[in-house]
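What follows is a single structure, written as C-alpha cells, with notes after it.
Residue numbers (our numbering): 3 to 200.
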C-alpha cells in the first residue's frame, strides 16, 4: 500500500568536482558528517522529451528496499523546484522498467495539465550514486559520486530553505577550497547527455 503523497520545495546549488576536490571536501566536512547511502535513480521520459521541455523530470529513487517516485517541476511560486513524492512497491518498479508504467494518482494530477500521459513515458536507464551528507551552517551539504553508462562524476550539492543564505554558504565553500565554478546540469540531464556517447 502506498504511503501518502508528500510535496516539498527544493532549493539547491551544485558544482561538478574533480576526484581530488571531492576527496578533499570529504575530509574538510568529516566532523559534520551525518549520513552515507548508496542509491539508484531510475529515469523516465517521453520520446518527445515532454518533461524536459516543461522544465521537469521523473525518477524512481531506490534506497535498500524503499522505492520513491519523484516528479520535479518548476516552482511557480518562487525559487527552486516543486517535488512531488509517492512510494511504489518493488513489483511496480519492475513493471515500470519494462515500460508498463502505472503512475500514482498524486503524480498524474500534476502531469495531466501538461498533456503528459503515463503511456507516453519510457524507461531511460539507471544512475547509481554513493552519497554523503553533512549538516553545515544551517544547510545540507551533499557529496555525490555517480556512475551511469560508461561515465562517472563527482558533485557538490548544497540544499537550503533560504536561497540567499544558501548561496553565500555555497560560494564560501568553493572559494575557501579554491574550487572553480563549473556549469553543472542536474543528474538527469547529465544522464541523458551521456547516452549520446554510447
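For glycine and all other residues, C-beta sits at the position ideal for the given N, C-alpha and C.
Straight-line Cα distance separating residue j from residue i
i: residue 176; j: residue 43; result: 27 Å
i: residue 108; j: residue 7; result: 6 Å
i: residue 170; j: residue 14; result: 12 Å
i: residue 126; j: residue 81; result: 28 Å
i: residue 124; j: residue 49; result: 7 Å
i: residue 88; j: residue 120; result: 15 Å
i: residue 164; j: residue 47; result: 30 Å
i: residue 78; j: residue 116; result: 14 Å
i: residue 3; j: residue 53; result: With a pLDDT of 41 at residue 3, under the threshold of 50, the modelled position of that residue is not reliable, and the figure given next carries that caveat. Each residue's alpha carbon lies about 27 Å from the other.
i: residue 167; j: residue 138; result: 12 Å
i: residue 118; j: residue 55; result: 11 Å
i: residue 173; j: residue 189; result: 21 Å
Simplified DSSP state of residue i, which is helix, strand or coil
i: residue 107; result: helix
i: residue 31; result: coil
i: residue 135; result: strand
i: residue 170; result: helix
i: residue 175; result: helix
i: residue 68; result: strand
i: residue 180; result: coil
i: residue 191; result: helix
i: residue 54; result: helix
i: residue 130; result: strand
Integer-rounded CB distance, given that residue j should sit under 8 Å from residue i
i: residue 34; j: residue 136; result: 4 Å
i: residue 112; j: residue 86; result: 6 Å
Identified DSSP bridge partners for residue i
i: residue 13; result: 162
i: residue 47; result: 124
i: residue 85; result: 10, 74
i: residue 155; result: 148
i: residue 97; result: None; residue 97 has no bridge partner.
i: residue 90; result: 69
Pair within 9 Å by beta-carbon distance, residue i and residue j
i: residue 26; j: residue 134; result: no
i: residue 196; j: residue 152; result: yes
i: residue 157; j: residue 16; result: yes
i: residue 90; j: residue 106; result: yes
i: residue 84; j: residue 10; result: yes
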